[in-house]
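*Asks:* Let me begin by handing over the structure; questions about it come next.
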Amino acid sequence: MTGLGDGERRIDRSQRVRVTAPLSSAARVPKAPSLSREVAEQSEIGAVVLRSLLRAQLRLGALVAGAFLAAVAALWGVSQLAGSLPWLPGLPLRWLLVGLLPYPAAVLAGIAYYRGATRNEQRYAELLEDHG
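Remember, my numbering sits 270 above the position in the sequence shown when you count from 1.
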């Protein structure tokens, strides 16, 4: 092992050095609060934005449910008018209208609701991105 010469110092590796950025004298520009922050902090503005999404989803649900119920009622009404007309041998038309056709109508109503709800949520997300 060699000794330390003149002017050489032994470095103590156990000490930590803190490196910081130079202080700036420029004033920071305050950012306008974003809508996503307003929603997250549950402020009055955020509550209004969130309520608008909930109202849109409720309106969509009521519209789809009403359309489905109207379709089922129309099928029932047609089945009452059709009476006992046979559609297939041994299978009355009334059974087909009331017993089988509501299921595809329910699937179509579910698809319509899913697409509408997704569209509402995308609009909400775009609103938060535009102002965030």
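Just so you know, even glycine gets a beta-carbon here, dropped at the ideal spot from N, CA and C.
Could you pull the start and end residues of the alpha helix (DSSP H) that Ser284 belongs to?
*Replies:* For Ser284, there is no enclosing alpha helix (DSSP H), since its DSSP letter is neither H nor E.
*Asks:* Using DSSP with H/G/I as helix, E/B as strand and the rest coil, what is Thr388?
*Replies:* Three-state result, Thr388: helix.
*Asks:* Three or more C-beta pairs under 8 Å: does that hold for the segment 324–331 against the segment 367–380?
*Replies:* These segments do not touch.
*Asks:* Can you give me the C-alpha to C-alpha distance between Pro372 and Arg389, rounded to a whole angstrom?
*Replies:* 26 Å
*Asks:* What is the C-beta distance between Leu345 and Leu367, in whole angstroms, given that I count them as a contact (C-beta under 8 Å)?
*Replies:* 5 Å
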